[in-house]
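S.K.:
Residue numbers (the numbering used here): 11 to 145.
1. Should the segment 83-95 be regarded as contacting the segment 108-118, the criterion being three or more beta carbon pairs within less than 8 Å?
2. Can you check which of these residues, 72, 49, 128, is closest to residue 98 by C-alpha distance?
3. Between which two residues does the beta strand (DSSP E) harbouring residue 72 extend?
4. In angstroms with no decimal places, state the Cα-to-Cα distance between residue 36 and residue 119.
5. Please work out which residues of its chain come closer than 7 Å, Cβ to Cβ, to residue 132, disregarding the five sequence neighbours upstream and downstream, and give them in chain order.
6. What residues are listed by DSSP as bridge partners for residue 116?
7. For residue 73, which residues from the same chain have a beta carbon less than 8 Å from its beta carbon, with the 5 sequence-adjacent residues on both sides left out?
8. Between 59, 122, 130, 134, which lies nearest to residue 141 when the distance is taken from Cα to Cα?
9. Using a 10 Å radius around the Cβ and a threshold of 16 neighbouring Cβ atoms, would you call residue 31 buried or exposed?
10. Just the Cα atoms here: how many angstroms apart are residue 43 and residue 136?
11. What does the Cβ neighbour count give for residue 75, buried or exposed, with the cut at 16 atoms within 10 Å?
12. Just list the residues that DSSP pairs residue 37 with in beta bridges.
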């Protein structure tokens, strides 16, 4: 009887440890899971193919609880100040906080930051900002 209880408790501990491992601790843990990474990479590739006239390259990186999207314009933008103002106006707090909330819901992780970086064709930064639910 004692042996059965020990085996039962050992089995329960193993199941509980597996359940605890089911939820990622960070956004990075979530997005580096092979099936999730593959799906996101496919979305990014599709976006790249659909926007070649606007962006020469685009992508993402994930580190800890920070998800960074970056875009590089295909054509050099001469009036960087106006472009930065237009990008800032397009990235409203309401829209960006909605994206952050969506990522948090998808990952099951709170306290994340989404960063956006727009590069000119020559690689210089035109506009950069970050958003989190804590803003």
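Backbone N, C-alpha and C fix where the C-beta goes; we use that ideal spot for every residue, glycine too.
M.R.: To lay it out plainly:
1. no
2. Residue numbering aside, residue 98 sits at position 88 when the chain shown is read from its first letter. Comparing Cα positions, the closest option is 128.
3. As a working note, residue 72 is residue 62 in the chain shown. Looking at the DSSP string, the run of the beta strand (DSSP E) that includes residue 72 is 65-73.
4. Counted from its first residue, the chain shown places residue 36 at position 26. Counted from its first residue, the chain shown places residue 119 at position 109. Straight-line Cα distance between these residues: approximately 6 Å.
5. Reading the chain shown from its first residue, position 122 is the one you call residue 132. Around residue 132: 86.
6. By one-based count along the chain shown, residue 116 stands at place 106. Per DSSP, none; premise fails for residue 116.
7. Taking the first residue of the chain shown as 1, we reach residue 73 at position 63. Within the same chain, residue 73 has close Cβ partners 38.
8. Walking along the chain shown from the start, residue 141 turns up at place 131. The candidate whose alpha carbon is nearest that of residue 141 is 122.
9. The count along the chain shown starts at 1 and reaches residue 31 at position 21. Caution applies to residue 31, whose pLDDT of 46 falls short of 50 and renders its modelled position unreliable; the value that the coordinates give is listed next. By the neighbour-count rule (16 or more Cβ atoms within 10 Å), residue 31 is not buried but exposed.
10. Here residue 43 corresponds to residue number 33 of the chain shown, with the count starting at 1. Here residue 136 corresponds to residue number 126 of the chain shown, with the count starting at 1. When rounded, the distance between both Cα atoms is 32 Å.
11. As a working note, residue 75 is residue 65 in the chain shown. With 16 or more other Cβ atoms within 10 Å, it is buried.
12. The count along the chain shown starts at 1 and reaches residue 37 at position 27. Paired residues: none, contrary to the question.
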